[in-house]
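Undergrad: Residue numbering for the sequence shown is -20 to -1, 1 to 415, as defined by mature numbering (1 follows the signal peptide of the UniProt record, and there is no 0). Okay, handing you the structure first.
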Amino acid sequence: MKRILLILGAWLLGWQTAAAQDLPKRWTLQECLDYALENNIQLQQSRNDHLSGLEDTEAARAAMLPSLSASTTQALTNYPSAEAVDNNSYTGTYGITAGITVFEGGRLRTALQRQQTQNRMDALTVDETANDIRIAIVQAYMQTLYALEAVEVARSTVEVSSAQRDRAEQMLQAGSISKVDLAQLESQLASDRYQVVAAQATLDDCKLQLKQLLELDIMDEIEVVSPDRSYAEVMRMLPDKAAIYDKALETMPEIARGALAVEAAELDVKQAQAGYWPSVSLTASLGTGHISGENQQTGTQVWNRFNESLGLTISIPIFSNRQNRTAVNKARLAVENSRLSQLDLEKTLLREVESAYLDAVSAQSQYVAAVEKQRYAQQSYDLTDEQFRVGMKNTVELITAQNELTAARQEVLQAKYMALMNLNLLDIYQGNEIQ
């Protein structure tokens, strides 16, 4: 008997474990954010671009160092003439060459500074991409939460409509209402059931969008955790709009990236101006060789042919078909465009901050009004339902009161999650942790 109980207990534990594994994972907002920042394909590509830029910086730094190369050539030559002393000749040459650019108008050093600036821009691009993902996740998550609660509201409405229909059937049998009244309540129940289906379809679509942002597989199921947000959380105080914008200018990576783009464009001007300057390079080489068929031994030839050379090359631009002037003028125009782009980034951020701020304030005001409206709609429905039972209200009045209550509940949800979404967006703009 004891053995049977142990086997039964093990089977039950295994069944519960398997059932738990089949349940969809429940995601909090923070888990969604963490997972997306780790697995998003676009963000991973942005990180790889940054790493690639770091390699370019090492190459720019190495360009300032001396170069050293070794070479050898082995050749076999055939002389088919009958007068040739030796029809075949074997030749070998060996050399080592070193070179360094002594002066080039600062072009190489400027190129290194330009690439280092680009590295900082690439790092900010990674942060900017991460912020874009945070914003998209917050929006999708809040929409999913809204859709989830909308389904619950629709289902609770169906329960109320079903109870009303059942009570109406009893009232019909008692002769309190007509068949027309019952038909109206049955029609309302069918309509409410349809709303459940429509709300569920909206929820499924929101989950799909969230799954795509998380880079989840098509077969993965997802459930979101619906936190119990208090009235105070929805209505938390906002800083002054100007203060939020000033903080956003300090924290949002695209603003810093825009400033670095101006700096990079100014370095491009310096690099273009280097084309007016002469360049000086120094080369040194060691070489030797040997050839078969000569009277000397190979070792003697290698020594006798050993040579050393030192060269200094000066290149002075005199006339470049206006290439240097064109490059400088275009680089200066690029600086001006970078400044304009920076200004556009600041204005775009201002519009985004102001839009989120106004939407948050508006949603909070709507939330207060919607909560009050729902309270009165609930009271109105309760009174109408009681009066309907005693024959003081007709079916149309009951259905109207119920629909007004359902609409009020939907308005509370809409205002609630619109406020929470925009409050979270303002947290992102200020560099704060999402609440």
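All C-beta atoms, glycine included, are put in the ideal place defined by N, C-alpha and C. Just so we're clear, the structure is a prediction, and the values are computed from it rather than from any experiment.
From ALA349 to ASP339, what distance separates their C-alpha atoms?
TA: Approximately 15 Å between the Cα atoms of the pair.
Undergrad: Between the Cα of LEU403 and those of HIS30, ARG216, LYS250, spot the shortest distance and give me the residue it belongs to.
TA: Nearest of HIS30, ARG216, LYS250 to LEU403, Cα basis: ARG216.
Undergrad: Does the stretch 386 to 403 come within contact of the stretch 340 to 359, defined as at least 3 CB pairs closer than 8 Å?
TA: The stretch 386 to 403 vs the stretch 340 to 359: in contact.
Undergrad: With a CB to CB cut of under 8 Å and the five nearest residues on each side skipped, what residues in its chain are close to THR90?
TA: Answer for THR90: LEU247, LYS250, GLN251, ALA254, listed in chain order.
Undergrad: Can you give the Cα-Cα distance for SER295 and PHE83, rounded to whole angstroms?
TA: Computed Cα separation, rounded: 10 Å.
Undergrad: State the CB to CB distance for the pair ILE414 and VAL333, rounded to an integer number of angstroms; the pair is presumed to be in contact (CB under 8 Å).
TA: So it is not a contact: roughly 16 Å between Cβ atoms.
Undergrad: Give me the Cα-Cα distance between ARG285 and ASP36, rounded to the nearest whole angstrom.
TA: ARG285 and ASP36: Cα-Cα distance of roughly 41 Å.
Undergrad: Do the CB positions of THR97 and ALA244 come within less than 7 Å of each other?
TA: A contact, by the Cβ cut-off of 7 Å.
Undergrad: Buried or exposed: TYR256, going by 16 or more other Cβ atoms within 10 Å of its Cβ?
TA: TYR256 is exposed by the Cβ-count criterion.
Undergrad: Tell me which residues share the same chain as GLU149 and place their Cβ nearer than 8 Å to its Cβ, disregarding the 5 neighbours each side in the sequence.
TA: Once the five neighbours on either side are set aside, the close Cβ partners of GLU149 are LEU162.
Undergrad: Helix, strand or coil for ARG209? Go by DSSP, reduced to three states.
TA: Reduced to three states, the DSSP call for ARG209 is coil.
Undergrad: Look up LEU262 in the DSSP assignment and say whether it is helix, strand or coil.
TA: Three-state DSSP puts LEU262 in a strand.
Undergrad: Let's see if you can read the secondary structure: which residues bound the alpha helix (DSSP H) around ARG145?
TA: Where ARG145 is concerned, the enclosing alpha helix (DSSP H) stretches over 87 to 154.
Undergrad: Is the CB-CB distance between VAL204 and THR124 below 7 Å?
TA: Yes, these two residues count as a Cβ contact at 7 Å.
Undergrad: For the alpha helix (DSSP H) holding ASN317, just list the boundary residues, first then last.
TA: Looking at the DSSP string, the run of the alpha helix (DSSP H) that includes ASN317 is 303 to 369.
Undergrad: Would the beta-carbon of GLY291 fall within 7 Å of that of THR263?
TA: Result yes, Cβ atoms of GLY291 and THR263 sit closer than 7 Å.
Undergrad: Since I believe GLY79 is in contact with SER261 (beta carbons under 8 Å), could you give me their beta-carbon distance rounded to a whole number of angstroms?
TA: So it is a contact: roughly 6 Å between Cβ atoms.
Undergrad: Identify whether GLN415 lies in helix, strand or coil by the three-state DSSP scheme.
TA: Residue state, collapsed to three classes: coil.
Undergrad: For ALA134, I'd like the list of residues in its chain whose CB is within less than 6 Å of its CB, leaving aside the five on either flank, ordered along the chain.
TA: GLN175, VAL176, ALA179.
Undergrad: Spatial neighbours of VAL351 within its chain, please: CB distance less than 8 Å, with the 5 preceding and 5 following residues excluded, ordered by chain position.
TA: Once the five neighbours on either side are set aside, the close Cβ partners of VAL351 are TYR211, VAL392.
Undergrad: Locate the beta strand (DSSP E) running through THR81, then write down its first and last residues.
TA: Where THR81 is concerned, the enclosing beta strand (DSSP E) stretches over 68 to 83.
Undergrad: I'd like to check one pair, VAL242 with SER318: are the Cβ atoms closer than 7 Å?
TA: Their beta carbons are under 7 Å apart, which means SER318 touches VAL242 by this criterion.
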